[in-house]
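Protein chains in written order, with the working numbering: chain A, 8 to 417; chain B, 4 to 414.
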């Protein structure tokens, strides 16, 4: 009876919203979409307290890719500054990096913690399991290894990467690795010290790749999934573009190529990945900025479409102290053999500072999180051309900075 | 001749000790653990560097008979890389050692660092490895435990942080419960461009944790929650020391009324009154350890108070030029029982080169001085009424000794 009613509702929505999608194979799928936010900071900037947000933690919406329907976000867990999220491979647990808004020290040296939550499969609400120090400051990124036994974290402030064990019940256990990065880059304002910004395991779980924005390097660590230890590979890193500031990294779906987005230069470095030796070979530097753009650029997120044919990246831009934009989300097609990128388009994110975006698992929609305007905008993705079309659907969320999907009603 | 005499002394002492031994109470027998550097190699600007052709293999153990001063030849207790600082659990069942990875990338003071838990064999003193975890910092130079024995505290000199790890009931190491990144600098351009925590330890009542930061010239005070292992800063959060002093090691007096902070570069001791209810340190004296006529560079190292609370000891590593070392000394100060202030008693030579560490035996009768460069541990007798040290003529050879800890034997 319940199923019949759900089907009826679904059919109704399908008819009302996107009639043509009704026959799509993903019609039955439904997801929880979790939004990480900044709940606000209280810190001293030029002698004055700064920071502000009305967010209270992690929010969740229900999303149906078949129709593009997305529910109003609800508070899933109250927690300070849940700035980055990662989902366990078993979809039952969510891990969150948080920054303490009251900690001593400069802007980028906030005491940071990682919290483990269990996911209620019917309501999407989060239940806190435990919280531990990340082992670094201003932790800006975390990911889970392929076995689901370790959480890997990039600590922007204190220049380290750390790994914590995940217990059987999903809660966090002891630290299994700590690696400090030393050095500096070309840009005196942001590169006076090392700033790890992302850490992800390779498709075979044998290596971990770290983008270090401060020293313009991609570090390659050997990852031992039996112990959770990291050890430097030989060579221990590949040089990125000087002054470029590598921020986020993604492997292609086949595990043949790696794509490193540079925050300051906006370049995407295309690298051929040798999984046997854990080695990268530079293939291409793809430009995301229009050649006639004059101003400052801070590229942010990078992701590949589930069909493996297109790459997306976001750009936050400034032309003066109060002159934002034009911000954009760039679309590139991927050469299936060579891995190289060809520009398709740059579209406006319908907001300011698209620090994050995520493509839903069915590949039908892209959610763009605009940090400054406090809105998450849904774009329709054309799987054949890669092109993005803004929908009328938009969610109001204060300071949204991370989006992850979890299948609902398993 | 001198060698013959000292050998003779050792032999006589050994014979006497051997004869006296059956009559001695077992609680005067100790294991003496010696932490060492086993050697370094690192890569900087793509070139390999190394120093200290150490032949040490790890942590060594000797038996020490406090009644007679008998000290046995050291034996390898556990093979481990660069066990540069050690601490003992309050129940004497476990030993914790920090070690610095000699092959890690980066400059000399940014070595990957680990902490290992060992079970102590009460009969032989040998150590059995329980587990090893990252210290959550680099070039970890100090480890201690809280009063309950449930947490280890670590000072990470290289990365400028302090970390707390839970100890499980079986003595093995569990999760990280606290991580504090220090931020700041001070006046010395060579070593104080960034924070360098060098010492961490609990207050006598276990409610606070003191951190000496050599890079910031600060003695930081944190509230400590023994239920959760969490450090949180109180108000005011620190006491400052003389600029450029470089606070290295700290000690409370046995009564818990005063705190003594040794400055590595200044060689001065900042004497503080400790307010145990508020967790504050108030400066009462700056005591000099360097003679007025000394022209050279000084690196003071260790500080400890005699169990009777009357005398304070501190060690000084000194250089007159790049090639001329010395005079390395151990300084003795009398402590005013009411005011806590220090009055110099004597500075005596340490019997070797670079006395980076020393330790007073729990009975308070002997001081063992570890000379890092000359590879010897020299035994001094302590006069408990004057504080003065006298050489016993006994010493043992240990390669690159840098830490000494005592554990009661034959429990």
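Ideal Cβ placement from N, Cα and C applies to all residues, glycine included.
Terminal residues of the beta strand (DSSP E) in which residue i lies
i                      : result
residue 115 of chain A : Unbroken run through residue 115 of chain A: none, as it is neither H nor E.
residue 194 of chain B : No beta strand (DSSP E) contains residue 194 of chain B, which DSSP labels as neither H nor E.
residue 84 of chain B  : Here residue 84 of chain B belongs to no beta strand (DSSP E), and DSSP marks it neither H nor E.
residue 143 of chain B : 143-148
residue 231 of chain A : 224-231
residue 309 of chain B : Element bounds for residue 309 of chain B: n/a, residue is neither H nor E.
residue 293 of chain A : 286-294
residue 279 of chain B : Looking at the DSSP string, residue 279 of chain B is not in any beta strand (DSSP E), and its letter there is neither H nor E.
residue 351 of chain B : 345-352
Within-8 Å CB hit, residue i to chain B
i                      : result
residue 122 of chain A : no
residue 187 of chain A : yes
residue 60 of chain A  : no
residue 363 of chain A : no
residue 302 of chain A : no
residue 260 of chain A : no
residue 403 of chain A : no
residue 231 of chain A : no
residue 167 of chain A : yes
residue 53 of chain A  : Summary for residue 53 of chain A: the model assigns pLDDT 49, below 50, so the residue's position carries little reliability; its value from the coordinates is reported in the next sentence. Not one chain B Cβ lies under 8 Å of residue 53 of chain A.
residue 381 of chain A : no
residue 164 of chain A : yes
Test item: CB-CB of residue i and residue j under 8 Å
i                      : j                      : result
residue 216 of chain B : residue 245 of chain B : no
residue 365 of chain B : residue 314 of chain B : no
residue 235 of chain A : residue 199 of chain A : no
residue 385 of chain B : residue 265 of chain B : no
residue 203 of chain A : residue 223 of chain A : no
residue 108 of chain A : residue 42 of chain A  : no
residue 36 of chain B  : residue 89 of chain B  : yes
residue 34 of chain B  : residue 64 of chain B  : yes
residue 204 of chain B : residue 275 of chain B : no
residue 270 of chain A : residue 252 of chain A : yes
residue 93 of chain B  : residue 148 of chain B : yes
residue 225 of chain A : residue 244 of chain A : yes
residue 212 of chain B : residue 176 of chain B : no
residue 273 of chain A : residue 295 of chain A : yes
residue 45 of chain A  : residue 62 of chain A  : yes
residue 139 of chain B : residue 164 of chain A : no
residue 373 of chain B : residue 361 of chain B : yes
residue 92 of chain A  : residue 64 of chain A  : no
residue 338 of chain B : residue 318 of chain B : no
Test: residue i CB closer than 8 Å to a CB of chain A
i                      : result
residue 177 of chain B : yes
residue 280 of chain B : no
residue 403 of chain B : no
residue 85 of chain B  : no
residue 113 of chain B : yes
residue 181 of chain B : yes
residue 375 of chain B : no
residue 352 of chain B : no
residue 195 of chain B : no
residue 366 of chain B : no
residue 186 of chain B : yes
residue 164 of chain B : yes
residue 204 of chain B : no
Contacts of residue i in chain E (Cβ-Cβ under 8 Å)
i                      : result
residue 161 of chain B : Reference to chain E is not applicable here, since the protein chains of this structure are A and B.
Residue i beta carbon near the ligand MN (any heavy atom closer than 7 Å)
i                      : result
residue 164 of chain A : For the structure depicted, the ligand MN is absent and the ligand set is empty, with no information on it obtainable.
Fill in: Contact residues within the segment 193-225 of chain A, judged by C-beta distance below 8 Å to chain B
none
Practice problem: Output, in sequence order along the chain, the residues in the segment 136-153 of chain A whose CB is closer than 8 Å to any CB in chain B. | Solution: 139, 140, 141, 142, 143 and 144
Query - Segment contact, 8 Å Cβ cut-off, at least three pairs: the segment 247-264 of chain B with the segment 224-231 of chain B - result: no
Check: With contact counted as at least three CB pairs below 8 Å, one residue from each stretch, are the segment 125-137 of chain B and the segment 67-76 of chain B in contact?
Finding: no
The segment 123-141 of chain A touching the segment 79-93 of chain A, judged by at least three CB pairs closer than 8 Å
yes
### Query
Using 8 Å as the Cβ pair cut-off and three pairs as the minimum, do the segment 362-372 of chain A and the segment 298-316 of chain A touch?
yes
Cβ-based contacts, 9 Å cut-off: residues of the segment 170-185 of chain A near chain B: 170, 171, 172, 179, 180, 181, 182, 183, 184 and 185
What residues in the segment 260-291 of chain B have a beta carbon less than 7 Å from any beta carbon of chain A? none
Taking contact to mean at least 3 C-beta pairs separated by less than 8 Å, is the segment 346-360 of chain A in contact with the segment 259-278 of chain A?
yes
- prompt: Which residues, in chain order, does the segment 117-146 of chain B contribute to contact with chain A at a C-beta distance below 8 Å?
  reply: 136, 137, 138, 139, 140 and 141
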